[in-house]
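A.B. asks: Reminder that position 28 of the sequence shown reads as 27 in numbering that gives the first Met the number 0, one-by-one numbering, no gaps.
For each residue, glycine too, the CB sits at the ideal point set by N, CA and C.
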Amino acid sequence: MWSRCLAEEGQDLNISSISVAPGVVDTGMQREIRSVAPEDFPSLETFIGLHEDGHLVASDIVAKQLYELVTAHSMDQSGMRFDVRDL
0 MWSRCLAEEG
10 QDLNISSISV
20 APGVVDTGMQ
30 REIRSVAPED
40 FPSLETFIGL
50 HEDGHLVASD
60 IVAKQLYELV
70 TAHSMDQSGM
80 RFDVRDL
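1) Would you grab the beta carbon distance between Gly6 and Ser77 for me? Rounded to a whole angstrom, and I think it's under 8 angstroms.
2) Looking at the unbroken alpha helix (DSSP H) that takes in Arg80, where does it start and where does it end?
3) If you measure from the beta carbon of Ala62 to each beta carbon in chain B, is any gap under 8 angstroms?
4) Three or more beta-carbon pairs under 8 angstroms between the region 10-21 and the region 29-41, yes or no?
5) Can you tell me whether Val69 is buried or exposed? The criterion is at least 16 other CB atoms within 10 Å of its CB, across all chains shown.
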């Protein structure tokens, strides 16, 4: 909501704003999570499943996709929300 308000209020000043839903990215933290005991992390099986099923994107790929989005989005995209999984 904040991003949409900023986009609307900044439009006349050529200010754009987008928001990004990061999803679950394959990072070092993900590796750590997958190595803990199930009693320490009740959602462990969910995160193991995301990894095993190939639903995690490497952080360097996400960074490249976000860089392009952040640096090249159009004013028509200002105020929009983007999901990392859809980039």
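C.D. replies: Taking the definition as stated:
1) Residue 6 sits at position 7 when you count from the first residue of the sequence shown. Residue 77 sits at position 78 when you count from the first residue of the sequence shown. Correcting the residue identity first, residue 6 is Ala in this sequence and not Gly. With a Cβ gap of about 4 angstroms, Ala6 and Ser77 count as contacting.
2) As a working note, residue 80 is residue 81 in the sequence shown. Arg80 -> not in any alpha helix (DSSP H); beta strand (DSSP E) instead, spanning 80-82.
3) This model lacks chain B altogether; it includes just one protein chain.
4) no
5) The count along the sequence shown starts at 1 and reaches residue 69 at position 70. So Val69 ends up on the exposed side.
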